[in-house]
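Residues in the sequence shown are numbered consecutively from 1390, following our numbering.
The C-beta atom is built at its ideal place from N, Cα and C for all residues, glycine as well.
Have a look at the structure below before the remarks.
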Amino acid sequence: MLRSRESDYYERVIELKRVSKVVKGGKRFKLYACVVVGDGQGKVGIAHAKAPEVAPSIKKATQIARKNMVSIPLIDGAIPHTVIGKYGASKVIIKPASVGTGVIASTAVRAVCEAAGIKNVLTKSFGSNSPTNLARAALNGLKSLLEPTEVAKLRNKSPDLFMRRRKIEEDKSETPEKPDLREEDS
């Protein structure tokens, strides 16, 4: 992941391709760039732009992505609940994962999750595997995330259950040891 020199934002180019427009005199070529920008603490944005050269197209897309950043709720580097995001023919399921799992995702979805600051997540992609469509589907899913207090209220549970992610070690230490039920013959 690249960190921009002039600011504290992560930037990742997820798609760069040459596109053409047919005019009377022939073809006019431009470069298309799709960029993901995030602060690593719950804010992320996606944008695309076209320009005659590579650098200006990336710069334009980055500026637009910074303007279009959205905030998502995170709990210790994970999302509070499972979400489904759709965009075009792409569909992405994003599930919270235990601490230490990492980001299990395709390249485009991984870029969105890492830019947002998500450290533990499981994803599955369906339909179109276009990087731009997958990234936008992931962002649409993340936009639909609810705050942990809202999730607790909807499920009629205590908000404390959703405010932190349990560690695997805590789960093991909380389970009582089973007594040995075998009879010892002496």
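What are the partner residues of residue 1467, as DSSP defines its beta bridges? In the sequence shown, residue 1467 corresponds to position 78, counting from 1. Under DSSP, residue 1467 shares a beta bridge with 1464.
By DSSP's criteria, residue 1498 is part of a beta bridge. Which residues make up the other side? Stepping through the sequence shown from its first residue, residue 1498 is reached at position 109. Partner(s): none; residue 1498 has no beta bridge.
DSSP state of residue 1521 mapped onto helix, strand, coil: One-based indexing of the sequence shown puts residue 1521 at position 132. Helix.
Proximity test, Cβ basis, 8 Å: residue 1539 and chain D: Within the model displayed, chain D is absent; a lone protein chain is all it includes.
Assigned exposure category for residue 1407 - 16 Cβ within 10 Å defines buried: Numbered from its first residue, the sequence shown carries residue 1407 at position 18. With fewer than 16 other Cβ atoms within 10 Å, it is exposed.
Identity of the residue in 1409, 1460, 1404, 1426 nearest residue 1397 by Cα: For this step, residue 1397 is matched to residue 8 along the sequence shown. Nearest C-alpha to residue 1397: 1426.
Residue 1488 in three-state terms, based on DSSP: Counted from its first residue, the sequence shown places residue 1488 at position 99. Residue state, collapsed to three classes: coil.
Contact set for residue 1556: own chain, Cβ-Cβ below 7 Å, skip 5 residues either direction: Numbered from its first residue, the sequence shown carries residue 1556 at position 167. For residue 1556, the predicted structure reports a pLDDT of 48, less than 50, and the residue's modelled location is therefore unreliable. A value from the coordinates is still provided. Within the same chain, Cβ atoms closer than 7 Å to the Cβ of residue 1556 are found at 1488, the five residues on either side in sequence being excluded.
Please determine, among 1419, 1493, 1482, the residue with the shortest C-alpha to C-alpha distance to residue 1528. Stepping through the sequence shown from its first residue, residue 1528 is reached at position 139. Nearest of 1419, 1493, 1482 to residue 1528, Cα basis: 1482.
What's the call for residue 1417, buried or exposed, on a 16-neighbour Cβ count within 10 Å? By one-based count along the sequence shown, residue 1417 stands at place 28. Exposed.
Between the region 1485–1499 and the region 1445–1463, can you find at least three pairs of beta-carbon atoms closer than 8 Å? Fewer than three pairs of CB atoms, one per stretch, sit closer than 8 Å, so the region 1445–1463 makes no contact with the region 1485–1499.
What residue range is occupied by the uninterrupted alpha helix (DSSP H) comprising residue 1454? What you label residue 1454 is simply residue 65 of the sequence shown in a count that begins at 1. Where residue 1454 is concerned, the enclosing alpha helix (DSSP H) stretches over 1443–1456.
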